[in-house]
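There are 2 protein chains.
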Amino acid sequence: MHNGVMQTSGTELVVVLEQLVTFIRQVSTAGDLSATASAALHRLGRDGALGVTELAQAQRASQPGMTQLVTRMEREGLVRRTAKTDDRRTVLVEATEAGLELLNRRRAERAEALQQTLDRLDPEDQAAIAAALPALARLVESRSSD
Amino acid sequence: MHNGVMQTSGTELVVVLEQLVTFIRQVSTAGDLSATASAALHRLGRDGALGVTELAQAQRASQPGMTQLVTRMEREGLVRRTAKTDDRRTVLVEATEAGLELLNRRRAERAEALQQTLDRLDPEDQAAIAAALPALARLVESRSSD
DNA sequence: CCATTATGCATAACATCCTTATGAATGCAC
DNA sequence: GTGCATTCATAAGGATGTTATGCATAATGG
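Residue numbers (the working numbering), protein chains in the order written: chain P, 1 to 146; chain Y, 1001 to 1146.
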């Protein structure tokens, strides 16, 4: 490549990401989750039990909306409400086994679809993407800690 | 780890993309578009005028749903309905200037937010991402032509 | 060339999922 | 304890999606 300045362009990255977003959105069909439901379940899978208000803020959703979403997901067996021992106002929400399994299934759907597309690329392109993965991981990492 | 080949992993890419997706979703606030509206407008901006049914299929939405969405976006001045000369059943939908401008504004929002995060990365990470951009562009390119 | 069938869009009725406003229970500060 | 803050739930309504259906136009086949 160049040895000069390799300017990383947010604009170019956004254009690519926009298309990957629609791609991913169309591929993940298992479980019939709304966007908010998917994101909330994802969060619970990563961070463990959270309060309803906490979860709502994390998803930029209203607290009543999150209460209702939790009720729906609870009815479908994806999450469980538990009491917080030291504060009886708080309701902790955690993913059930079925919820975690659904997450994995959806991720597998996406991964497989992506993999098929990756496999059709030139080896050099595949290598370039593979080489950028750690950097992209750090990008989202630095993002989530604000 | 256990082999020498630089294997591009769909699974790892999906994990990173999932987080970038939520990031982007939270950043794009201009115009207050639904996910479907954003995707449809994006499509119109890229591919020009399309029929309502065509547009619905592209977004995996129902045709009546797309009719209603087009009606709403038309009311907001984002798209325009025009007649197709050689088939009077078909209604062609195209983005207006205001629609295209809104697309650009949303993209700029996303790009700026991403850029700020990119700027905080190590130069090597920035370079790795920049180097992977053409490959990622080809990835989505090969995707959209199916 | 006319009857039949297919296609494309719109409308109606309804479901889902979000919002704001508000209430009830619990915790905290004084 | 009284008053205020916090947390979740409920109620009511709005936005946005769905399926079922109708109407206009086009294509097809005797």
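All C-beta atoms in this analysis are idealised placements derived from N, C-alpha and C, irrespective of residue type, glycine included.
Item, Value
"Closer than 8 Å at the beta carbon, the chain P residues around Arg1089(Y)", "None at all; the shortest Cβ gap to chain P is about 27 Å."
"Proximity to Phe23(P) [Cα-Cα], best of Ser1009(Y), Leu1121(Y) and Ala1039(Y)", "Ala1039(Y)"
"Proximal residues to Gly174(P) (C-beta, below 8 Å), its chain only, five neighbours per side dropped", "What the structure shows of chain P is the stretch from 1 to 146, and residue 174(P) is not part of that stretch, so it cannot be assessed."
"Backbone secondary structure at Gly51(P) - three-state DSSP", "strand"
"Cβ-Cβ distance between Leu78(P) and Leu114(P) below 8 Å", "no"
"Neighbour-count burial assignment, Ser62(P), 16 or more Cβ in a 10 Å radius", "exposed"
"Neighbour flag for Val93(P) against chain Y, beta carbons, 8 Å", "no"
"Ala1056(Y) (DSSP reduced to helix, strand or coil)", "helix"
"Host alpha helix (DSSP H) of Ala98(P) (start-end)", "Glu97 to Asp119"
"Cβ of Val140(P) within 8 Å of any chain Y Cβ", "yes"
"C-alpha gap between Gly31(P) and Asp1086(Y), whole angstroms", "43 Å"
"Three-way DSSP call (helix, strand, coil) for Leu76(P) in this model", "For clarity, residue 76(P) is Glu in the given sequence; the question names Leu instead. Looking at Glu76(P) - three-state DSSP - the assignment turns out to be coil, as it is neither helix nor strand."
"Local Cβ density within 10 Å of Arg1107(Y), reported as buried at 16 or more and exposed below that", "buried"
"Collapsed DSSP secondary structure at Ala130(P) in the structure displayed", "helix"
"CB of Leu1100(Y) within 8 Å of CB of Met1073(Y), strictly", "no"
"Per-residue burial, Gly1010(Y) [other beta carbons within 10 Å of its own, 16 or more giving buried]", "buried"
"Chain Y residues whose Cβ lies nearer than 8 Å to that of Thr53(P)", "Correct list: empty, because the minimum Cβ distance to chain Y is about 18 Å."
"Any C-beta of chain P under 8 Å from that of Gly1065(Y)", "no"
"Check whether Leu1121(Y) and Leu139(P) have beta carbons under 8 Å apart", "yes"
"First and last residue of the uninterrupted alpha helix (DSSP H) at Leu33(P)", "Segment: none, Leu33(P) is in no alpha helix (DSSP H) and carries neither H nor E."
"Range covered by the alpha helix (DSSP H) that runs through Thr11(P)", "Gly10 to Val27"
"Inter-residue Cα distance where the pair is Leu17(P) and Glu97(P)", "31 Å"
"Cutoff 7 Å; reference Ala1137(Y); Cβ partners in own chain excluding five residues on either side", "none"
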